[in-house]
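**Q** Before I ask anything, here is the structure I am working with.
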Amino acid sequence: MNKIKVTPLFLVLVPLEIILIFCTLYYLLIDNKGGMALAGLISLIAAIFNGTLIVIERLVINVKGMNNKWIWTIELIIIACAIIFIIQNGISFG
């Protein structure tokens, strides 16, 4: 049985996926008045996209011969760039 390799993106994307799923369920099923159903739909789309990123990241990590030091360096750079982008532009892309 393979052990799950913990990487920075994995540590960020999995909790984000859990939060997005809870937000989706809450806004689509419980508090869907006043436009909040749209927030639930947007959260669902983000959860699907985030799940796709997790699958792609896991496929890349499980390739034999990958250097863990390079993976950690690249993923930390990706996370730092995403944080800088969000600080500069906010969450909205509109």
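Per the working numbering, numbering of the sequence shown is gapless, rising by one per residue and ending at 178.
Just so it is clear, CB atoms sit at the ideal spot from N, CA and C, and this is done for glycine as well.
Remember, predicted model here, so these are calculated numbers, not experimental data.
1. Helix, strand or coil, according to DSSP, for residue 136 in the structure here?
2. Within the same chain, show all residues whose beta-carbon is closer than 8 Å to that of residue 142, passing over the 5 residues directly before and after it, in chain order.
3. State whether the stretch 144–154 contacts the stretch 120–129, with contact taken as three or more CB pairs (one from each stretch) at a distance under 8 Å.
4. Could you check the C-alpha separation between residue 104 and residue 151 for me, to the nearest Å?
5. Going by beta carbon distance, what residues of the same chain come within less than 7 Å of residue 108, once the five residues before and after it are set aside?
**A** Put simply:
1. helix
2. 94
3. no
4. 31 Å
5. 124, 127, 128, 131
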